[in-house]
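Quick note, the sequences are listed as chains A and B, same order.
Numbering of the first sequence is given in my numbering, commencing with residue 569 and proceeding in unit increments.
Numbering of the second sequence is given in my numbering, commencing with residue 330 and proceeding in unit increments.
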Amino acid sequence: MLGASYALVAIGYTLIFGVLNLLYFAQGEVFMLGAFVGLYLVVYAGAGIYGAILGAMIICGAFGVVAVFVAVRPVSKDRPLAPLISTIGLTIILQNLAVYIFGGQQLAFPETIEQKLYHFGPVTISSAQLFILAVAVTLMVLLWLFIERTKMGRAIRATAENHETAALLGVDVNRVVLITFIIGSSIAGVAGVLDGIKNSNISPFMGLGAAVKGLIVMLLGGLGNVPGAMVAGLMLGMIEILSAAYIGTTERDFFSFLILILILLWRPTGLFGTRIVEQR
Amino acid sequence: MFDGLIDGYTQSILIFTGINIIAAYSFFAPFKTGQVSIGQAGFMAVGAYASATLTQKYAIPFLIALPIGGLIAGVVGVVIGFPALRIKGIYLLLLTLGFSEIIQVVVLSWDYVGGAQGFRNIPFNPRTLDYVIVVIVAMIVFFGRLERSSLGRAMDSIHQDETAAEVMGIDVVRLKLLAFGVGALVAGLAGALYAHHATYIDSTTFNVMMSVEILTFVVVGGSSTYWGPAVGATVLTLLPELLRTLRDWLELLPVEWTSFSPMNRIYDFLYGFLDFENAKRLIAYGIVLIVMMIVRPDGLLTRDSIPHWRPVRRKVAHA
Chain A
569 MLGASYALVA IGYTLIFGVL NLLYFAQGEV FMLGAFVGLY LVVYAGAGIY GAILGAMIIC
629 GAFGVVAVFV AVRPVSKDRP LAPLISTIGL TIILQNLAVY IFGGQQLAFP ETIEQKLYHF
689 GPVTISSAQL FILAVAVTLM VLLWLFIERT KMGRAIRATA ENHETAALLG VDVNRVVLIT
749 FIIGSSIAGV AGVLDGIKNS NISPFMGLGA AVKGLIVMLL GGLGNVPGAM VAGLMLGMIE
809 ILSAAYIGTT ERDFFSFLIL ILILLWRPTG LFGTRIVEQR
Chain B
330 MFDGLIDGYT QSILIFTGIN IIAAYSFFAP FKTGQVSIGQ AGFMAVGAYA SATLTQKYAI
390 PFLIALPIGG LIAGVVGVVI GFPALRIKGI YLLLLTLGFS EIIQVVVLSW DYVGGAQGFR
450 NIPFNPRTLD YVIVVIVAMI VFFGRLERSS LGRAMDSIHQ DETAAEVMGI DVVRLKLLAF
510 GVGALVAGLA GALYAHHATY IDSTTFNVMM SVEILTFVVV GGSSTYWGPA VGATVLTLLP
570 ELLRTLRDWL ELLPVEWTSF SPMNRIYDFL YGFLDFENAK RLIAYGIVLI VMMIVRPDGL
630 LTRDSIPHWR PVRRKVAHA
């Protein structure tokens with residue numbers, strides 16, 4: 569269930585891109601932060617896996633607030649590259665802070681879920697994989713309900729469609745941006761913990777790969793399209809597993825990027841349509 | 330050119346600064362027509378591997394392999410530039426990112442150029458610094474001339490409003506392709522120079538973070554003027570090195586000044602704090618990026634901050 573964590577990272581990207589039209593580069597590092605918070609909660613605070621997930625959500629959400637106040641709000645929005653560079657600065661800071669604090673080596677993620685194998689006909693699934701999938705799908709459904717059914721969710725959709733109109737209609741755009749960052753970051757934090765469970769080791773450099781894969785998934789699902797990102801994440805996970813199994817592990821990444829380029833050339837709106845129409 | 334004048338460390342720093350300046354110009358060229366690329370490291374990889382293959386496997390002198398490496402990267406750039414014409418903004422960013430990742434996968438799995446072991450034993454070029462200086466001077470002259478030429482102005486107009494430029498009769502397709510190809514060519518030169526200085530390259534040498542750094546050089550230096558990339562690359566490459574020397578400055582203080590009670594504590598604290606190893610230096614780098622974007626979102630240099638250096642015309646005394 570490789571794709572579940574990609575999907576969660578991509579949802580964060582796509583939400584923030586939808587609202588701010590900003591490629592939030594630090595998303596991968598937030599993912600790494602979540603994994604480390606989860607590890608420390610399990611190893612030093614004796615928390616269970618649910619405690620680790622909750623803790624990662626809270627810490628990463630708090631980091632989302634910091635990111636908005638440090639690198640997004642003070643930077644002028646009419647220069648398209650300025651917020652990109654400031655969040656790149658944030659990425660570099662976060663990654664090297666992690667190297668400084670945790671050291672540059674890989675750490676083993678503790679086993680928190682009993683390992684069991686389930687057989688469904690020819691398919692074998694481990695209990696950890698089921699758990700990852702269950703957590704990811706639950707989160708996605710909750711998020712979808714939040715966006716489609718609540719007042720705040722409607723405000724987010726309105727802001728994504730048009731900043732000025734939303735502001736004129738009484739939406740507090742600054743608050744929407746803040747909430748979006750909190751949601752996007754906390755989801756990426758959960759993805760980090762899930763990735764730790766899956767790969768059973770984490771390092772301060774795990775963020776970049778997740779960030780790039782998250783971008784592919786965001787594009788595959790259509791920019792700003794949250795359910796699209798969910799489906800596309802699971803799809804990319806499948807494609808990677810199949811190409812690794814039948815072709816080779818080096819070529820695995822080749823396929824994901826080939827998909828990226830093909831999508832860009834023939835269906836820039838992604839497989840499931842996009843909510844953002846300008847700037848194509 | 331500078332034999333015996335500077336030590337090896339300084340020379341190495343100067344070479345890397347120079348290569349970064351060239352790489353920054355490679356981003357600047359397509360950006361002049363509004364194309365933002367985070368795949369310049371991919372073109373550097375093409376130039377580096379192509380020229381290294383020529384010099385190492387076919388024993389062709391570097392002076393010939395360098396332009397050939399650049400040209401191959403330029404041709405690849407034009408090929409990539411064609412599909413890039415159709416898309417803009419974040420889509421182009423992602424396309425170039427995907428391209429450079431594919432290059433990485435290709436060199437990783439291609440055993441002819443070393444594969445996972447990397448490309449070893451590339452002939453060392455002892456005169457890299459001279460080459461770098463020549464290329465930089467050529468860049469500055471070229472982009473300086475371009476900025477004031479009709480071609481450069483046409484490119485600026487595409488950057489500002491593509492539709493308007495097209496309506497004015499500018500061949501948008503040709504210019505965008507040209508700019509993208511020139512950028513790739515310059516990146517190829519930078520990559521070739523790097524390969525023959527480092528003598529070892531592998532698939533992780535030219536990664537996404539390198540492309541991102543190249544982008545930050547130009548934006549921090551100022552993307553609206555041709556001096557910007559050079560200034561940005563110089564400042565951002567030398568800054569971490571300067572942080573290293575802060576501690577040496579502290580040691581210059583006379584001992585009598587810092588031997589009594591409060592001062593020695595402060596001295597010890599500062600001494601520990603100024604120990605800029607790698608992670609801490611990069612953290613400082615990130616902070617500089619954020620502060621720069623808050624204080625000067627247009628970059629260090631803008632068009633207004635540079636007086637146009639034209640030959641001063643003598644006033645003709647009218648009789």
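Ideal Cβ placement from N, Cα and C applies to all residues, glycine included.
Residue from the options with nearest C-alpha to residue i
i, options, result
"residue 442/B", "419/B, 370/B, 524/B and 603/B", "524/B"
"residue 796/A", "838/A, 639/A and 765/A", "838/A"
"residue 380/B", "346/B, 518/B, 445/B and 606/B", "518/B"
"residue 388/B", "516/B, 530/B and 451/B", "451/B"
"residue 562/B", "339/B, 352/B, 529/B and 336/B", "352/B"
"residue 661/A", "634/B, 473/B, 620/B and 629/B", "620/B"
"residue 343/B", "373/B, 458/B, 503/B and 576/B", "458/B"
"residue 297/B", "361/B, 454/B, 604/B and 355/B", "Outside the displayed span of chain B (330 to 648) sits residue 297/B, for which this structure offers no information."
"residue 748/A", "736/A, 734/A and 723/A", "723/A"
"residue 581/B", "529/B, 492/B and 596/B", "596/B"
"residue 631/B", "557/B, 544/B and 618/B", "557/B"
"residue 675/A", "571/A, 611/A and 778/A", "611/A"
"residue 560/A", "768/A, 828/A and 761/A", "The question about residue 560/A has no answer, for chain A in this structure spans 569 to 848."
"residue 403/B", "516/B, 623/B and 559/B", "516/B"
"residue 663/B", "434/B, 414/B and 543/B", "It is not possible to answer for residue 663/B, since the shown part of chain B is limited to 330 through 648."
Within chain B, partners of residue i - CB distance below 9 Å
i, result
"residue 657/A", "545, 614, 615, 616, 617, 618, 619, 620, 621 and 622"
"residue 836/A", "415, 416 and 420"
"residue 591/A", "419, 422 and 423"
Residue i - containing beta strand (DSSP E), residue span
i, result
"residue 499/B", "Here residue 499/B belongs to no beta strand (DSSP E), and DSSP marks it neither H nor E."
Residues bridged to residue i (per DSSP)
i, result
"residue 687/A", "692/A"
"residue 769/A", "676/A"
"residue 530/B", "448/B"
7 Å Cβ shell around residue i - same chain, five flanking residues per side excluded
i, result
"residue 541/B", "367"
"residue 317/B", "Residue 317/B is absent from the structure shown; chain B starts at 330 and stops at 648."
"residue 712/A", "794 and 795"
"residue 382/B", "442"
"residue 598/A", "628, 631, 753, 756 and 757"
Sequence-distant residues of its chain with Cβ nearer than 8 Å to residue i (five each side left out)
i, result
"residue 277/B", "A question about residue 277/B goes unanswered here, because the residues of chain B that appear run from 330 up to 648."
"residue 845/A", "A caution first: residue 845/A carries a pLDDT of 47, below 50, which makes its placement in the model unreliable, though a value can still be read off. Closer than 8 Å at Cβ, skipping near neighbours: no residue."
"residue 764/A", "603, 606, 607, 677 and 770"
"residue 585/A", "591, 592, 786, 791, 792 and 844"
"residue 682/A", "695"
"residue 650/A", "643 and 644"
"residue 824/A", "781, 784, 804, 807 and 808"
"residue 338/B", "none"
Per-residue contacts from residue i into chain A (C-beta, under 7 Å)
i, result
"residue 608/B", "664, 667 and 668"
"residue 537/B", "776 and 780"
"residue 423/B", "783, 787, 828 and 832"
"residue 541/B", "656"
"residue 611/B", "660 and 664"
Span of the alpha helix (DSSP H) around residue i
i, result
"residue 433/B", "418 to 438"
"residue 485/B", "479 to 489"
"residue 589/B", "First-last for residue 589/B: undefined, no H or E at that position."
"residue 577/B", "557 to 580"
"residue 540/B", "537 to 550"
"residue 387/B", "From DSSP, residue 387/B is part of no alpha helix (DSSP H); its letter is neither H nor E."
"residue 659/A", "649 to 670"
"residue 728/A", "719 to 729"
"residue 645/A", "Residue 645/A -> no alpha helix (DSSP H), and no H or E assigned at all."
"residue 776/A", "774 to 789"
"residue 595/A", "595 to 612"
"residue 620/A", "617 to 635"
"residue 682/A", "Residue 682/A -> no alpha helix (DSSP H), and no H or E assigned at all."
"residue 610/B", "607 to 624"
Closer than 7 Å at the beta carbon, the chain B residues around residue i
i, result
"residue 644/A", "626"
"residue 638/A", "619"
Chain A residues whose Cβ lies nearer than 9 Å to that of residue i
i, result
"residue 412/B", "829, 832 and 833"
"residue 430/B", "780, 821, 822, 824, 825 and 828"
"residue 438/B", "816, 818, 819 and 822"
Proximity test, residue i beta-carbon vs the ligand MG heavy atom, cut-off 7 Å
i, result
"residue 742/A", "With respect to the ligand MG, the structure shown offers nothing to examine, as it has no ligands at all."
Under 8 Å by beta carbon: chain A residues contacting residue i
i, result
"residue 673/B", "For residue 673/B there is no data in the structure shown, the boundaries of chain B being 330 and 648."
"residue 575/B", "Here the premise fails: no neighbours, minimum Cβ distance about 18 Å."
Residues near residue i in its chain [Cβ-Cβ closer than 6 Å; skip 5 each side]
i, result
"residue 847/A", "Unreliable positioning characterises residue 847/A in this predicted model, as indicated by a pLDDT of 42, which lies under 50. A coordinate reading is not provided."
"residue 535/B", "370, 373 and 374"
Proximal chain B residues relative to residue i, where beta-carbon distance stays under 8 Å
i, result
"residue 808/A", "The contacting residues do not exist; residue 808/A stays about 13 Å from chain B at best."
"residue 649/A", "365, 544, 548 and 552"
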